[in-house]
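*Asks:* Note that our numbering has the sequence shown beginning at 868, numbered continuously upward. Heads up, the beta-carbon is just placed ideally off N, CA and C, and yes, glycines get one too. Please read through the structure below; I'll follow up with questions.
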Amino acid sequence: MKRISEHVYVETGIFACNLGLITTEAGNICIDSPHLAADAIGWRDRVQEMGEVKYTVITEGHPDHADCACIMPGTMVSHQNTRRHLEALPDKILLDRHDHIDPDGAHLRNGFCVRLSDITFSEGMRLHLGGLRVELLHMPGHSDGNIGVYIPEDKVVFASDTVFYHAKSWLHEATPHQWIASLENMAALNAEILVPGHGEVCTTAYLKEQAQIIQSWIDVVRNAIEKGFGLEEAKARIECPDPYPKQAHTPFTVEVLNEKIISRLYDLYKAA
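This is the structure:
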């Protein structure tokens, strides 16, 4: 865990998404949960050594952010769409998924279940804790419940999966034009330090490159549609415009992920 500002610590070395801790005199705020139970228990114990965790903010509903939320302390906060997504996830599917990806951790999953948010919001909300203001901002695009967490005093923003820094961007469930708009909204904040959902901590200057990657995906799929390609031909002929590698040990092969991205964007823009 690395301290990046007066109140903010970041952990980029636990699989799979980046984790955060915001510290105040009146208690702390966790950002997201590790993907595996053993990592979540270790992370929970570590952050609790630094003070009481008042809130755990889940920035989106995908498994690498939310599966182990039940292990994390404090009041859980998320976007309302994230809660809606998790409400539709049966405990059995969650348990079966972890039996598959982490069979050796079964003994750690007693009571393991889908945890739903205690507090939700639509466009944005503020947490005031120990004199520190923390803004939660709806940043859809990668998923419909994706949020950013902005700490104005420290000029730090947690981008969640709105940003993949030097790592392959996942657009398999994306709404790309919303994603680009969210990047523009994030760029308008008075932030300097950016914590991506995946990849190392960077500066907000990277937001421009992230937007270019999303736009490149839009362009190559629209171009294929304009040329009259069917979906299968598009999947066979489109070359991935994202220059960065897929994060290790994540689901799918690169080829399958590219096909899922093309299918998603083809359906969106063919309909349009």
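Would the segment 982 to 992 count as touching the segment 941 to 957 if we require 3 or more Cβ pairs under 8 Å?
*Replies:* Contact between the segment 982 to 992 and the segment 941 to 957 is present: three or more C-beta pairs spanning the two stretches fall below 8 Å.
*Asks:* Could you tell me whether the segment 1082 to 1101 touches the segment 1115 to 1132, using the rule of 3 or more Cβ pairs below 8 Å?
*Replies:* Yes, the segment 1082 to 1101 touches the segment 1115 to 1132.
*Asks:* Could you pull out every residue in the same chain whose Cβ sits closer than 7 Å to the Cβ of ALA1078, ignoring the five residues on either side in sequence?
*Replies:* In chain order, ILE1047 and LEU1050 place their CB closer than 7 Å to the CB of ALA1078, counting only its own chain and leaving out the 5 sequence neighbours on each side.
*Asks:* Considering PRO1043, what are the terminal residues of the alpha helix (DSSP H) in which it resides?
*Replies:* Looking at the DSSP string, the run of the alpha helix (DSSP H) that includes PRO1043 is 1043 to 1054.
*Asks:* Apart from the five residues on each side of it in sequence, which residues of its chain come closer than 6 Å, Cβ to Cβ, to LEU961?
*Replies:* VAL981
*Asks:* So, helix, strand or coil for LYS1102, using DSSP?
*Replies:* helix
*Asks:* Are THR879 and SER900 touching if we call contact CB-CB under 8 Å?
*Replies:* no
*Asks:* At which residues does the beta strand (DSSP E) containing ILE1080 begin and terminate?
*Replies:* Per DSSP, ILE1080 belongs to no beta strand (DSSP E); it is in the alpha helix (DSSP H), 1073 to 1093.
*Asks:* Would you decide whether ASN1090 is buried or exposed? Buried here means 16 or more other CB atoms lie within 10 Å of its CB.
*Replies:* Exposed, because fewer than 16 other Cβ atoms sit within 10 Å of the Cβ of ASN1090.
*Asks:* For TYR1073, which residues in the same chain have their Cβ closer than 7 Å to its Cβ, ignoring the five residues on either side in sequence?
*Replies:* VAL1030, TYR1032 and LEU1061
*Asks:* How many whole angstroms separate the CB atoms of ALA1103 and VAL1088, which I take to be in contact at a CB cut-off of 8 Å?
*Replies:* Going by Cβ atoms, the distance from ALA1103 to VAL1088 rounds to 13 Å, so no, they are not a contact pair.
*Asks:* Using alpha carbons as the reference points, say which of CYS897, ILE881, PRO1118 and ASN1125 lies closest to LEU996.
*Replies:* CYS897
*Asks:* Which residue from GLN1114, LEU1038, LYS921 and GLU1067 puts its Cα closest to that of THR891?
*Replies:* LYS921
*Asks:* Helix or strand or just coil, what does DSSP make of ARG1000?
*Replies:* strand
*Asks:* Name the residue from HIS1116, LEU1038 and ALA1058 whose alpha carbon lies nearest to the alpha carbon of ASN1125.
*Replies:* The option with the nearest alpha carbon to ASN1125 is LEU1038.
*Asks:* When burial is assigned at 16 or more other CB atoms within 10 Å of the CB, is PRO1110 buried or exposed?
*Replies:* exposed
*Asks:* Should VAL1123 go down as buried or exposed, given a rule of 16 or more other Cβ atoms within 10 Å for buried?
*Replies:* exposed
*Asks:* So, is THR1120 buried or exposed, given that buried needs 16 or more other C-beta atoms within 10 angstroms?
*Replies:* exposed
*Asks:* Do the CB positions of TYR876 and GLY887 come within less than 8 Å of each other?
*Replies:* yes
*Asks:* Hey, how far is the Cα of PRO930 from the Cα of VAL1024?
*Replies:* 22 Å
*Asks:* Would you kindly work out how many angstroms separate the C-alpha atoms of GLN1114 and GLU919, rounded to a whole number?
*Replies:* Approximately 32 Å, taken between the alpha carbons.
*Asks:* Give the single residue among GLY928, GLU916, ASP912 and HIS932 whose Cα lies nearest to the Cα of LEU903.
*Replies:* Closest by alpha carbon: HIS932.
*Asks:* Would you decide whether ARG950 is buried or exposed? Buried here means 16 or more other CB atoms lie within 10 Å of its CB.
*Replies:* buried
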